[in-house]
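To start, the structure under review is shown below, and the notes come after it.
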Amino acid sequence: MPIDQLVTLLENESIREALMIVYERSDGGTEELEWRDVRDALSSEQWGTLIEQEVLVSAGSGFAIAEPGRVERLLGGDDPSEDAGTDGIESPSWTTADKAAGAFALLLFAGYWNTGIRDIVASVESAIFGPVAGLVPFHLVIVFLAVVTGFYSTVLQSRLLDREKLEQYKQRMTDLQERTAAAKERGDEEALERLQEERMAAAGDQLGMFKLQFRPMVWIMLLTIPVFLWLRWKVRGGHLGTGETGLVVPIAGAVTWQQSLVGPMQTWLVWYFCCSMAARQLIQKVFGLRTGTSS
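Residue numbers (the working numbering): 211 to 505.
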């Protein structure tokens, strides 16, 4: 039934109490009920009203709550606007700074193919990382850069990702799936039609989730791409020291920096990713940072 009609119905204290009893005895709307299951707590008028208003619908040998997820939220006192389609979640928007960062990140990304951009970035990076590269072996330089990029990537993702709004999107999609599965099980064609309309109205959720998740990635790429370009310039451009030929790794043994180690991935890239992932895990645990919706 329409959300406003259900809200109006639940303003009647008698019906609200009846529905709470039905919800509890149906184990959260997952089991069917018959009149004899609730006659000790409900009047025949209350039971009839729930059926007449299609809060309860025929299912097999008994009756089931038509949309248990929605009923649960309304009984729990949640804002009805959260069930009214996409208007319940404010669409995320990027700031001017976010858009500028995204445009500049795309320009830097072109450096993987454009030699001019790559050389400019490499010259700037060399001025910053050159002193470090001159003091320690190249494999330790990669470790240092992996820790630095891992740290700011974790911090940026933790600070810029709106986990609450992302969880709202995911919860709404999960709820739609559960209600659709329940309606199919009951064979309720009318409920399926309503749910199809809701799915169409919530189609923007996918775009909203993408914008939420990609926003921190833009700022992360803005700082990470130059590091990749500099490392690529060092390895593939022949700018390593005489003794910096490669690395000794388990199983593979001695390998050069440009040798393919995992599929097409070269040794320097695999070494960077391994160090970066380890650094991110350690940083998350030490500083108690969250980068996703789970706690």
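Positions of the beta carbon are idealized from the N, C-alpha and C atoms, including for glycine. This one's a predicted model, so the numbers in the text were calculated from it and none came from an experiment.
In the DSSP assignment, Thr240 falls outside any beta strand (DSSP E) and carries neither an H nor an E. In the structure shown, Ala274 adopts extended strand secondary structure according to DSSP, grouped into three states. Note on the segment 303-351: whole alpha helix (DSSP H) runs with a minimum of 4 residues are 306-319, 325-345, in chain order. DSSP, read as helix, strand or coil, puts Gln476 in strand. According to the DSSP secondary-structure assignment, Gly456 is paired through a beta bridge with Thr466. Secondary structure at Val267: strand, using DSSP grouped into helix, strand and coil.
Rounded to whole angstroms, Val496 and Thr455 show a C-alpha spacing of 34 Å. Assigned with DSSP and collapsed to three states, Leu499 falls in coil, not helix or strand.
Counting along the chain, no alpha helix (DSSP H) covers Gly397, and no H or E run does either.
With a beta-carbon spacing of about 15 Å, Ile261 and Gly239 fall beyond the 8 Å limit used to define contacts. Under the 10 Å beta carbon count, Ser470 is surrounded by fewer than 16 other beta carbons and is classified as exposed.
Straight across, the Cα-Cα distance linking Phe438 with Leu499 is about 25 Å.
The beta-carbon separation of Gln491 and Ile430, rounded to 16 Å, does not stay under the 8 Å limit for a contact. Asp385 has its alpha-carbon roughly 32 Å from the corresponding atom of Asp250. The three-state reading of DSSP puts Leu417 in helix, counting H, G and I together. Around Pro436, the same chain offers Leu318, Val331, Glu335 as residues with beta carbons nearer than 7 Å, after the five sequence neighbours per side are excluded.
The three-state secondary structure of Leu450, taken from DSSP, is coil. Phe348 counts as buried, since at least 16 other C-beta atoms from the protein chains shown sit within 10 angstroms of its C-beta. For Leu260, the enclosing alpha helix (DSSP H) begins and ends at 254-262. Nearest to Gly321 by alpha-carbon distance, out of Ala488, Thr434, Thr364, is Thr434. For Ser236, no alpha helix (DSSP H) encloses it, and the DSSP letter there is neither H nor E.
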